[in-house]
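**Q**
Below, the structure written as structure tokens:
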């Protein structure tokens, strides 16, 4: 929250400075970007040996939870964002960016590990990680003929769905389900990142490529247990460490261009 406050102060200072200039350019533009979102770092890790959490008092290895802080099991997903830009000086602009990043979760490694551990046939399912964000930012751009180059940093609010997963085994006519028992609230966190764009003018449009990086840490509690019948369990504190690198297309449209 301290970093977000400092960014807001920086944006306010730069805006105030730009308005004191003589005839500063004032331009609004709207852009949309989309592309595949690649998980990086621990977010894309898929090592169940490191992620497995065991009951400490069990005489044999007994799975108690799966640590997302060490391995996120995320697969390549997609990212779609819209951005409102305000060009307040010759080469600087502020922007408000909002959108969604969706990453499916790999369960093959979970199934293989648990089936080898217990020598039984389990099936896993996991909801996709779907992160929403709204972030103000500060950017710099440079025009060379019909080409435009942009770079920016952003910091703001992120929200992700609860990382709910199930491990299911059918025994006769009964289905046993090992999963979190309790509420599944959406998780909130500060999110930050940056982007780089290269585009070419086509009339009032700029069409090009964008590379963006975004990160956020979402803390949550999980209480996994087996139902029906219940099982020994405790509450664990964990963190989803979202780290994504998106390579995609960007389309920018100039909404207005006026001067004082």
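Numbering (mature numbering (1 follows the signal peptide of the UniProt record, and there is no 0)), first residue to last: -22 to -1, 1 to 238.
Virtual Cβ for every residue (Gly too), placed ideally from N, Cα, C.
Measuring CB to CB, does residue 227 end up less than 8 angstroms from residue 9?
**A** Cβ atoms of residue 227 and residue 9: not closer than 8 angstroms.
**Q** Looking at the strands, I want to know which residues DSSP matches up with residue 186.
**A** 177, 228, per the DSSP bridge assignment.
**Q** Taking the DSSP output, what are the residues bridged to residue 30?
**A** According to DSSP, residue 30 bridges with 44.
**Q** Any chance you could list the beta strand (DSSP E) runs of at least 3 consecutive residues sitting entirely within the stretch 42 to 119, in chain order?
**A** 55 to 65, 70 to 81, 101 to 104, all fully within the stretch 42 to 119.
**Q** Taking only three categories from DSSP, how would you classify residue 212?
**A** Coil at residue 212, not helix or strand.
**Q** Given a cut-off of 8 angstroms, decide if residue 16 and residue 219 are closer than it, judged by their beta-carbon atoms.
**A** No, Cβ-Cβ distance for residue 219 and residue 16 is not below 8 angstroms.
**Q** Touch check for the stretch 75 to 85 and the stretch 178 to 186: three-plus C-beta pairs under 8 angstroms?
**A** Not touching, per the Cβ criterion.
**Q** Hey, out of 138, 203, 39, whose CA is closest to residue 96's CA?
**A** Answer by Cα proximity: 39.
**Q** Going by DSSP in three states, residue 148 sits in which element: helix, strand or coil?
**A** Reduced to three states, the DSSP call for residue 148 is strand.
**Q** Span of the beta strand (DSSP E) holding residue 203?
**A** Here the beta strand (DSSP E) through residue 203 covers 202 to 205.
**Q** Three or more C-beta pairs closer than 8 angstroms, one from the stretch 136 to 152 and one from the stretch 59 to 72: is that the case here?
**A** These segments do not touch.
**Q** Using beta-carbon positions only, say whether residue 132 and residue 170 come within less than 8 angstroms of one another.
**A** Yes; because the gap between Cβ atoms is below 8 angstroms, this pair is in contact.
**Q** Which same chain residues end up closer than 6 angstroms to residue 33 when comparing Cβ atoms and leaving out the 5 residues on each side of it in sequence?
**A** Excluding residues within five positions, the ones whose Cβ falls inside 6 angstroms are 40, 42.
**Q** Could you check how far apart the C-beta atoms of residue 183 and residue 118 are, in whole angstroms? I think they sit under 8 angstroms.
**A** Not quite, the Cβ-Cβ distance comes to about 21 angstroms (not below 8 angstroms), so this is no contact.
**Q** With a CB to CB cut of under 6 angstroms and the five nearest residues on each side skipped, what residues in its chain are close to residue 18?
**A** Once the five neighbours on either side are set aside, the close Cβ partners of residue 18 are 221, 223.
**Q** How is the beta strand (DSSP E) around residue 134 delimited, first residue to last?
**A** 125 to 138 is the span of the beta strand (DSSP E), which, as asked, contains residue 134.
**Q** Can you check which of these residues, 52, 113, 114, 129, is closest to residue 120 by C-alpha distance?
**A** Closest option to residue 120, Cα to Cα, is 129.
**Q** Taking the alpha-carbon positions, what's the residue 160 to residue 217 distance?
**A** Straight-line Cα distance between these residues: approximately 17 angstroms.
**Q** Going by DSSP, what residues sit across from residue 244 in a beta bridge?
**A** Any answer about residue 244 is impossible in this case: the structure gives the chain only from -22 up to 238.
**Q** Run the CB neighbour count on residue 188, radius 10 Å, all protein chains shown included, and call it buried at 16 or more, exposed below.
**A** By the neighbour-count rule (16 or more Cβ atoms within 10 Å), residue 188 is buried.
**Q** What did DSSP end up calling residue 22 once you bin it into helix, strand or coil?
**A** Residue 22: helix per DSSP, three-state reduction.
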